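Q: Attaching a single structure in structure tokens format; questions to follow.
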Amino acid sequence: MDGYLMLGCGVLLHVAGIYLLLTVSAPQILGVLAILLLNVVGTMIFAGLYMLQPNEAALLSLFGQYKGTDRSEGLRWANFLYTKRKLSLRARTLNTPPLKVNDKRGNPVEIGAAIVWRVEETALAVFNVDDFERFVHVQAEAALRHLAAQYAYDDGEDLAAGETTLRAGMDVVANAMRQELHNRFVAAGIDVEDAKLTHLAYAQEIAQVMLRRQQAEAIISARKKIVHGAVTMVEEALLGLSARKIVELDDERKAAMVSNLLVVLCSDKETQPVINTGTLYN
Numbered sequence: 001m002d003g004y005l006m007l008g009c010g011v012l013l014h015v016a017g018i019y020l021l022l023t024v025s026a027p028q029i030l031g032v033l034a035i036l037l038l039n040v041v042g043t044m045i046f047a048g049l050y051m052l053q054p055n056e057a058a059l060l061s062l063f064g065q066y067k068g069t070d071r072s073e074g075l076r077w078a079n080f081l082y083t084k085r086k087l088s089l090r091a092r093t094l095n096t097p098p099l100k101v102n103d104k105r106g107n108p109v110e111i112g113a114a115i116v117w118r119v120e121e122t123a124l125a126v127f128n129v130d131d132f133e134r135f136v137h138v139q140a141e142a143a144l145r146h147l148a149a150q151y152a153y154d155d156g157e158d159l160a161a162g163e164t165t166l167r168a169g170m171d172v173v174a175n176a177m178r179q180e181l182h183n184r185f186v187a188a189g190i191d192v193e194d195a196k197l198t199h200l201a202y203a204q205e206i207a208q209v210m211l212r213r214q215q216a217e218a219i220i221s222a223r224k225k226i227v228h229g230a231v232t233m234v235e236e237a238l239l240g241l242s243a244r245k246i247v248e249l250d251d252e253r254k255a256a257m258v259s260n261l262l263v264v265l266c267s268d269k270e271t272q273p274v275i276n277t278g279t280l281y282n
């Protein structure tokens, strides 16, 4: 009930008791009993008052029997025999430390996450698990380990085309992690508002090897682009010479020209020109 109303009732009962005590000239048994009754009832009303802050709830139980949850803020009142356990409903953030787990390929990786959660069902959080905060920590770690085993860290030849990875599919992985956490937290009445990866890296024992692998893949990709561009430039050069009839080249001279141009365009170092004072055949 509204605590302000009950506070006023308690004050009136005590005032009435004091008034009777002062106005009764010759105390009688009925008068004394009335005074005692008014003061006892007023004290019982005061004992049932409690205060709730915003986003705070009170679990009410009577001799071990759950009676309900009060979520209304301000001054409240309930039966003074009720046990009132206050519980915060505010959003909380859990930053998991980096965990060393194995990804889908079996490579050791370090993974960490930030999880925003709050208590949704107060009765489940208090009565269904022993310690809901520890429950959240343990289940979050278990969910991260299970999630990492479902995805590979990065793309590779052994993966299907378009398959989600931990590094490239952050949004998909985050949604999967929220669903995994929701399934684990529902037994404790916990709601997951947000969950995102905050740390993702190869473990130290394979970090250098994987770095060299990534560098090799980057070099191969760059070389492919260089060769593709060089072939296009050589093709345009031959077509331009042929279209303008600047010089007539047979197949052997074309092959020599293509070889020289590809060496110049694809080399990663500066080329040294060699002047031929004779002919191709002499």
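Going by the UniProt record's numbering, the sequence shown wraps up at 282, each residue one higher than the last.
Positions of the beta carbon are idealized from the N, C-alpha and C atoms, including for glycine.
Just so it is clear, the structure is predicted and the values come from calculations on it, not from any experiment.
(1) Would you list the one or two residues that DSSP bridges to K196?
(2) What does the alpha-carbon distance come out to for the pair R212 and A218?
(3) If you follow the beta strand (DSSP E) that K67 is in, where does it begin and where does it stop?
(4) Which residue's Cα is closest to the Cα of P263: A230, R134 and R178?
(5) Does the Cβ of T122 have 16 or more other Cβ atoms within 10 Å, making it buried, or fewer, making it exposed?
(6) Taking a contact to mean a Cβ-Cβ separation below 9 Å, would you say L87 touches L59 in this structure?
(7) Please return the same chain residues whose Cβ sits closer than 8 Å to the Cβ of N102, not counting the five positions on each side in sequence.
(8) Provide the residue span of the alpha helix (DSSP H) that contains L181, from first to last.
(9) In angstroms with no decimal places, state the Cα-to-Cα distance between G106 and A176.
(10) Take M257 and list the residues in its own chain whose beta-carbon comes closer than 6 Å to its own, dropping the five residues that flank it on each side.
(11) Answer yes or no: do L261 and A237 have a C-beta to C-beta separation smaller than 9 Å?
(12) So V119 and L89 are supposed to be a Cβ contact under 8 Å. How far apart are they, rounded?
(13) So what's G106 in DSSP terms, helix, strand or just coil?
(14) Please state if the CB of L75 and the CB of M44 are separated by a distance shorter than 9 Å.
(15) Answer yes or no: do D194 and V116 have a C-beta to C-beta separation smaller than 9 Å?
(16) Which residue from T96, A125 and K100 puts its Cα closest to that of A114?
(17) Near F46, which residues of its chain fall below 6 Å by C-beta distance, leaving aside the five closest residues on each side in sequence?
(18) Could you spell out the range, first to last residue, of the alpha helix (DSSP H) harbouring G17?
(19) The beta strand (DSSP E) spanning K84 covers which residue range?
(20) How big is the Cα-Cα spacing for I111 and A140?
(21) Is L265 closer than 9 Å to I220 when the C-beta atoms are compared?
(22) Between the alpha carbons of Y19 and V126, how many angstroms are there, rounded?
(23) Indicate whether R184 and A222 have their beta-carbon atoms separated by less than 9 Å.
(24) Taking the C-alpha atoms as reference points, what is the distance between D70 and R167?
(25) Between which residues of its own chain and L62 is the CB-CB distance below 8 Å, once the five residues before and five after are set aside?
(26) Could you round the C-beta distance between V41 and L13 to whole angstroms and report it? I think they count as a contact, below 8 Å.
A: Once the coordinates are examined:
(1) According to DSSP, which records beta bridges pairwise, K196 is partnered with A114.
(2) Computed Cα separation, rounded: 10 Å.
(3) Annotation for K67: the continuous beta strand (DSSP E) segment containing it runs Q65 to D70.
(4) Correcting the residue type first, residue 263 is Val in the shown sequence and not Pro. For the set A230, R134 and R178, the Cα lying nearest the Cα of V263 is the one of A230.
(5) With 16 or more Cβ atoms within 10 Å of its Cβ, T122 is classed as buried.
(6) Result yes, Cβ atoms of L87 and L59 sit closer than 9 Å.
(7) Taken in chain order, the residues that qualify are P108, V109, A148 and A149.
(8) Residues M170 to F185.
(9) One C-alpha to the other measures close to 20 Å.
(10) Cβ neighbours of M257 beyond the five flanking positions: none.
(11) Yes, Cβ-Cβ distance for L261 and A237 is below 9 Å.
(12) Sure, about 6 Å apart at Cβ, within 8 Å.
(13) In this structure, G106 counts as coil in the three-state DSSP scheme.
(14) Their beta carbons are not under 9 Å apart, which means M44 does not touch L75 by this criterion.
(15) In this structure, the beta-carbon distance from D194 to V116 falls below 9 Å.
(16) Among T96, A125 and K100, the Cα nearest to that of A114 is on T96.
(17) Take F46, set aside five residues on each side of it, and the residues of its chain with a beta-carbon closer than 6 Å to its own are G10, in chain order.
(18) Run containing G17: G3 to T23, per the alpha helix (DSSP H) assignment.
(19) Where K84 is concerned, the enclosing beta strand (DSSP E) starts and stops at T83 to S88.
(20) Near 12 Å, if we compare the C-alpha coordinates of A140 and I111.
(21) At a Cβ-Cβ threshold of 9 Å, I220 and L265 do not count as neighbours.
(22) The straight-line gap from Cα to Cα measures roughly 46 Å.
(23) No, they are not a contact pair.
(24) Using only the alpha carbons, I get a separation of about 44 Å.
(25) Beyond the five residues adjoining it in sequence on each side, L62 comes within less than 8 Å, by CB distance, of N79, L81, Y82 and T83 in the same chain, given in chain order.
(26) Distance from V41 to L13 at the Cβ level is roughly 5 Å; contact confirmed, criterion being Cβ atoms closer than 8 Å.
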